[in-house]
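A.B. asks:
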Amino acid sequence: AAIEYELEAPYTVEYHESIGSTNDRARERAADGDRDIVVVADEQTGGRGRLERSWDSPPGGIWASTVLDPTLPAAHVPLVTLAAGVAVVDACRAVGVEATLKWPNDVLVGDAPDSRRGDADATTDAARGGQKLAGILTEMEGEADRVSWLLVGVGLNANIAPEALPNDATSLQEQIGAVDRRAVLQTILESLSALVAAPETIIEQWRAYSSTLGRTVRVDTGRNEIEGKAVDVQFPGALVVDTDSGEEVVHAGDCEHLRPV
Ligand code: BT5
């Protein structure tokens, strides 16, 4: 059964010890017309990533999905994903973990350009020093010019032993020890609502936390692969890649950080 409690931020929390996916539950609440709520679980049994990938969600994480009150056109929704990443990094840095952002939706630890290990054969982020700490899954429904509902799912590996996570993953616990999950969630939600209220600040803050910009990247767009130097992130969230054949503006895809040559 769900427990309701209030956070200081303007959100009401629906807490579950265990649930399939907080995004699925938030989707039901969204369809019911609820806004400014957040569904939180200690454990998810069917956590989801993008493109039908699964998200490991053992007990101890921050698995949270918030239904926002959107007044934005659907085309601007990628900005909200960036904002959620910034909010998660804000919360990680507030507890002393130097997290960075990998376009479009990953929060990493240890992937700052100056902390790379130079393994020529490295094919995984872990081998290069970057480990995934959190991911974002934004979902919406609506017309081109109007979003009818919008929810942002945040998965942050908080109080989880690294053995309970995939190889390329890390947790706040591994970095600094156990954290107060409620306080971390509070920071995420406060930061997210401040960013959504000032959308013109999102891209600039995203750039400041990015470990993608300036890097050689390979982006799988689903249709083709683009390789080059990531030079900018543009409104509403596109990655600009400088390739051998000129600049490409990529709106969606999977991005891999390659080691510099
Ligand atoms: C994401 O997908 O990074 C979005 C994850 C969003 C999860 C939250 S939890 C609350 C809410 N409810 C849900 O059901 N989902 C949201 P993607 O970029 O597709 O990355 C997925 C990949 O990350 C997987 O294929 C694994 O390689 C890796 N992975 C899975 N679990 C992980 C974990 N706990 N920590 C780090 N990496 C993980």
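Under full-length UniProt numbering, read the sequence shown as residues 65 to 325, first letter to last.
Every residue gets a Cβ at the ideal spot worked out from N, C-alpha and C, and that includes glycine.
This structure is a prediction, so every number in the text was calculated from the model and none was measured.
How about residue 326 and Val131: are their beta carbons less than 7 Å apart?
C.D. replies: One cannot answer for residue 326 here, as it falls past the ends of the chain, which runs 65 to 325.
A.B. asks: So what does DSSP say about Trp213, is it helix, strand or coil?
C.D. replies: strand
A.B. asks: So, at 6 Å on beta carbons, what are the nonlocal neighbours of Asp154 in its own chain, with the 5 sequence-adjacent residues on each side left out?
C.D. replies: Ser255
A.B. asks: Hey, would you say Thr307 sits closer than 7 Å to Gly317, going by beta carbons?
C.D. replies: It is not a contact, given that the beta carbons lie outside the stated cut-off.
A.B. asks: Relative to the C-alpha of Gln250, which residue among Gly194, Ala151, Gln195 is closest?
C.D. replies: Between Gln250 and the set Gly194, Ala151, Gln195, the nearest pair of CA atoms involves Ala151.
A.B. asks: Is Lys196 near the ligand BT5, judged by its Cβ being under 6 Å from some heavy atom?
C.D. replies: yes
A.B. asks: Can you list the beta strand (DSSP E) stretches of 3 or more residues lying completely in the stretch 140-179, in chain order?
C.D. replies: 163-166, 170-173
A.B. asks: Where does Glu116 sit, in a helix, a strand or coil, going by DSSP?
C.D. replies: coil
A.B. asks: Let me check you understand the geometry: is the CB of Asn221 closer than 6 Å to at least one non-hydrogen atom of the ligand BT5?
C.D. replies: yes
A.B. asks: Please work out which residues of its chain come closer than 7 Å, Cβ to Cβ, to Ile266, disregarding the five sequence neighbours upstream and downstream, and give them in chain order.
C.D. replies: Leu143, Leu146, Ala147, Val150, Leu259
A.B. asks: Rounded to whole angstroms, how far is the Cβ of residue 326 from the Cβ of Ile126, which I believe are closer than 8 Å?
C.D. replies: What the structure shows of the chain is the stretch from 65 to 325, and residue 326 is not part of that stretch, so it cannot be assessed.
A.B. asks: Tell me whether the beta-carbon of Ser85 lies closer than 7 Å to the beta-carbon of Glu107.
C.D. replies: no
A.B. asks: Report yes if the C-beta of Trp127 is less than 6 Å from at least one heavy atom of the ligand BT5; otherwise report no.
C.D. replies: yes
A.B. asks: Around the C-beta of His321, are 16 or more other C-beta atoms found within 10 angstroms, so that it is buried, or is it exposed?
C.D. replies: By the neighbour-count rule (16 or more Cβ atoms within 10 Å), His321 is buried.
A.B. asks: Excluding the five sequence neighbours on either side, which residues of its own chain have a C-beta within less than 7 Å of the C-beta of Glu205, listed in chain order?
C.D. replies: Ser212, Trp213
A.B. asks: Any heavy atom of the ligand BT5 closer than 6 Å to the Cβ of Trp119?
C.D. replies: yes
A.B. asks: I need the DSSP call for Ile83, collapsed to helix, strand or coil.
C.D. replies: strand
A.B. asks: Taking the straight line between their C-alpha atoms, what separation do you get for Gln269 and Gln195?
C.D. replies: 21 Å
A.B. asks: With hydrogens ignored, establish whether the beta-carbon of Asn231 is closer than 6 Å to any heavy atom of the ligand BT5.
C.D. replies: No.
A.B. asks: Ser121 bridges to which residues according to DSSP?
C.D. replies: Paired residue(s): none; Ser121 is not in a bridge.
A.B. asks: Looking at the ligand BT5, does it come within less than 6 Å of Leu253, judged from the CB to the closest heavy atom?
C.D. replies: no
A.B. asks: Closer than 6 Å: is that where the CB of Thr86 sits relative to any heavy atom of the ligand BT5?
C.D. replies: Yes, the Cβ of Thr86 comes within 6 Å of a heavy atom of the ligand BT5.
A.B. asks: Between Val103 and Ser129, is the Cβ-Cβ spacing less than 7 Å?
C.D. replies: yes
A.B. asks: Within its chain, find whatever has a CB closer than 8 Å to the CB of Gly110; leave out the 5 residues flanking it on each side and keep chain order.
C.D. replies: Gly84, Ser85, Asp88, Ser118
A.B. asks: Using the Cβ count rule (16 or more neighbours within 10 Å means buried), how would you classify Gln239?
C.D. replies: buried
A.B. asks: Which one of Pro123, Thr285, Pro263, Arg287 has the shortest CA to CA distance from Thr135?
C.D. replies: Pro263
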